[in-house]
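Participant:
Residue numbers (the numbering used here): 26 to 521.
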């Protein structure tokens, strides 16, 4: 293990700042939109039961593992893999980095959506037909993935604005950049969403949202799709398997308690999701009351795009012209906060690996990472962007993340003597509950989910499959090449 101390400029100012930054990394569109949508379609409180179980069995142990890897070695993911598993390990690390680059490409664009819609809400520019406005005027969507269409100028401008803000924050050191912003934004997000949830509860019918929200439909627990959705939601929400947590944890000082910090992160991520769900269910209950339609008939789509930028602008119309603008601005600003803090973590993860592996300054590595992400994001500003994202997501935010999670467990719990013997996993000489979950249960669960996904994937053949598996082949080849061009040798000293 390396005991070299980081300088004060490259470590977190406090454990609270570290935790808020990690929560900023974890909290995203999945917490504000997807979590509520999954609850809505999976029996309300019934979804919370397996979600909490999955958090204990898989989420928290993997968070702690990634935290320990970064804390003990003070290295980003690629270097950490290389110190245990040589160039093959670095290939696995670079595969995660290229997944971050791809995810960052469309995540920065989605954050740009929230910037644009915050402005549209403020000036009352969203018309009655919110779907036509979103699909045709904003996205300029084309009929298929093969038809690129034209560049959407509002999306492109908003994306550049997000990239500039990201550069301003990340070009500074850790404590004056990410930590300072996240320490303000994360409590602000929780406060705004809590106020939002309370306010909508007092609208006509709004209080019924709590009944719909918390009352479980236990029959849903026997649906295999529910459990698949739970683990998918959890993996995506906590940014597991991508090395983002490793990248943040390498900047910790010796005073940080990793286990406690990761528990706070898991709790914070869940609390934000829970509060956002309460606010959104209150909105839906109000619409159900006003329109006199069944609660379970309001949302008819699982698309995060449509839920966020079509369904909710439609819902806000029922609050009257003044409240519509106020609530719209609040809602989309919350999406912006959730998005931009996620962008910070993605770019920081890429930059950290580039910085260490190629011996560059932080400022230069950050510039390279932002330019790469923004350049890739241009693809998602075109008319076929939603088709392209739909094609890539099952790979980069599905199977590839599962592979990343399995690789982390196998390499650092079975090959790394240093990490696997950490006291956090042990009660004396025996594995504790966290260690047992991570070393035994988690690999089994991840393998079952991955195999199930692959079986479903190859049920049919489509162009979208060609695109995502083409991405995987290119990313794997590029990762192999990057692992051999690194200036940092594979020194098996920190973890082996």
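Glycine residues also receive a C-beta, built at the ideal position from the N, C-alpha and C atoms.
Work out the CA separation of residue 215 and residue 300 for me, nearest whole Å.
Facilitator: Each residue's Cα considered, the two are about 8 angstroms apart.
Participant: Using DSSP's beta-bridge definition, name the partner residues of residue 456.
Facilitator: According to DSSP, which records beta bridges pairwise, residue 456 is partnered with 451.
Participant: Can you find the residues in the same chain that come closer than 6 angstroms, C-beta to C-beta, to residue 41, ignoring five residues on each side of it along the sequence?
Facilitator: Closer than 6 angstroms at the Cβ level, and outside the excluded window around residue 41, lies no residue.
Participant: Output needed for residue 167: all residues of its chain with C-beta closer than 6 angstroms, excluding positions within five of it in sequence on either side, in chain order.
Facilitator: For residue 167, where only same-chain residues beyond five positions count, the Cβ hits under 6 angstroms are 174, 408 and 409.
Participant: Please report how far the alpha carbon of residue 128 lies from the alpha carbon of residue 422, in whole angstroms.
Facilitator: Approximately 8 angstroms between the Cα atoms of the pair.
Participant: Would you say residue 324 lies against chain C (beta-carbon separation less than 9 angstroms)?
Facilitator: Among the chains of the structure shown, chain C does not appear; only one protein chain is present.
Participant: Which same chain residues end up closer than 7 angstroms to residue 493 when comparing Cβ atoms and leaving out the 5 residues on each side of it in sequence?
Facilitator: Excluding positions up to five away in sequence, the list reads 416, 417, 419 and 420.
Participant: Within the continuous alpha helix (DSSP H) that includes residue 139, where are the two ends?
Facilitator: Residue 139 -> alpha helix (DSSP H) spans 102–148.
Participant: Let me know if residue 366 comes out buried or exposed under the rule of 16 or more other beta-carbons within 10 Å of its beta-carbon.
Facilitator: Under this definition residue 366 is a buried residue.
Participant: Which of the three DSSP states, helix, strand or coil, is assigned to residue 423?
Facilitator: Here residue 423 sits in helix by DSSP.
Participant: Entirely within the stretch 33–77 and at least 4 residues each: give me those alpha helix (DSSP H) ranges in chain order.
Facilitator: For the stretch 33–77, whole alpha helix (DSSP H) runs of length 4 or above, ordered along the chain, are 40–51 and 60–66.
Participant: Please report the straight-line C-alpha distance between residue 37 and residue 204, rounded to a whole angstrom.
Facilitator: Spanning the two alpha carbons is a distance of roughly 7 angstroms.
Participant: Would you mind stating whether residue 116 and residue 507 have Cβ atoms separated by less than 9 angstroms?
Facilitator: In contact: residue 116 and residue 507 (Cβ atoms closer than 9 angstroms).
Participant: What number of angstroms, rounded off, separates the C-alpha of residue 46 from the C-alpha of residue 207?
Facilitator: Cα-Cα distance, rounded: 5 angstroms.
Participant: Cα-Cα, which of 74, 67 and 81 is closest to residue 462?
Facilitator: For residue 462, the nearest C-alpha among the options comes from 81.
Participant: Nearest-angstrom Cα distance between residue 254 and residue 63?
Facilitator: Looking at the two C-alpha atoms, the distance is approximately 7 angstroms.
Participant: Where residue 119 and residue 233 are concerned, what is the direct C-alpha to C-alpha distance, given to the nearest angstrom?
Facilitator: Looking at the two C-alpha atoms, the distance is approximately 48 angstroms.
Participant: Within 10 Å of its beta-carbon, does residue 189 have 16 or more other beta-carbons around it, so buried, or fewer, so exposed?
Facilitator: By the 10 Å Cβ count, residue 189 comes out exposed.
Participant: Using beta-carbon positions only, say whether residue 67 and residue 294 come within less than 9 angstroms of one another.
Facilitator: No; because the gap between Cβ atoms is not below 9 angstroms, this pair is not in contact.
Participant: Taking residue 154 as the reference, which of 92, 337, 413 and 454 has the closest Cα?
Facilitator: Selected option, being the one with the closest Cα: 337.
Participant: Is residue 241 helix, strand or coil when you go by DSSP?
Facilitator: Here residue 241 sits in strand by DSSP.
Participant: Would you report the Cα separation of residue 78 and residue 256, rounded to the nearest angstrom?
Facilitator: Cα to Cα, residue 78 sits roughly 10 angstroms from residue 256.
Participant: Applying the criterion that 16 or more other CB atoms from any shown protein chain within 10 Å of the CB defines a buried residue, is residue 26 buried or exposed?
Facilitator: A caution first: residue 26 carries a pLDDT of 37, below 50, which makes its placement in the model too unreliable to give a value.
Participant: Does the beta carbon of residue 267 fall short of 8 angstroms from some heavy atom of the ligand PLP?
Facilitator: Among the ligands in the structure shown, none appear at all, so the ligand PLP cannot be discussed.
Participant: Can you look up residue 510 in the DSSP assignment and give me helix, strand or coil?
Facilitator: If DSSP states are grouped into helix, strand and coil, residue 510 belongs with the helices.
Participant: Would a C-beta distance cut-off of 9 angstroms place residue 268 and residue 121 closer than the cut-off?
Facilitator: Contact: yes.
Participant: I think residue 89 touches residue 271, with their Cβ atoms under 8 angstroms apart; what is that distance to the nearest whole Å?
Facilitator: Their Cβ separation, rounded to whole angstroms, is 12 angstroms, which puts residue 89 and residue 271 out of contact at 8 angstroms.
Participant: With DSSP run on the structure shown, which of helix, strand or coil describes residue 276?
Facilitator: Residue state, collapsed to three classes: coil.
Participant: Should residue 424 and residue 479 be called a contact, given that it needs their Cβ atoms to be closer than 9 angstroms?
Facilitator: Yes; because the gap between Cβ atoms is below 9 angstroms, this pair is in contact.
Participant: Got a sec? Which residues, its chain only, sit under 6 angstroms from residue 282 by beta carbon, not counting five neighbours each side?
Facilitator: The answer is none, since no qualifying residue turns up.
Participant: Compare the C-alpha of residue 273 against each of 86, 307 and 202 and name the closest.
Facilitator: Cα-wise, what sits closest to residue 273 is 202.
Participant: So residue 306 packs on residue 61, CB below 8 angstroms; how close in whole Å?
Facilitator: With a Cβ gap of about 7 angstroms, residue 306 and residue 61 count as contacting.
Participant: Tell me whether residue 156 is buried or exposed, calling it buried when 16 or more other Cβ atoms sit within 10 Å of its Cβ.
Facilitator: Counting Cβ neighbours within 10 Å, residue 156 comes out exposed, since fewer than 16 surround it.
Participant: Assuming residue 130 and residue 180 make a contact with CB atoms under 8 angstroms, what is their CB distance in whole Å?
Facilitator: No, residue 130 and residue 180 are not in contact; Cβ-Cβ is about 13 angstroms, not under 8 angstroms.
Participant: Count the other CB atoms, across all protein chains shown, that sit within 10 Å of the CB of residue 360; report buried if there are 16 or more and exposed otherwise.
Facilitator: Classification for residue 360: buried.
Participant: Please state the DSSP three-state secondary structure of residue 370.
Facilitator: Of the three classes helix, strand and coil, the one that applies to residue 370 here is helix, per DSSP.
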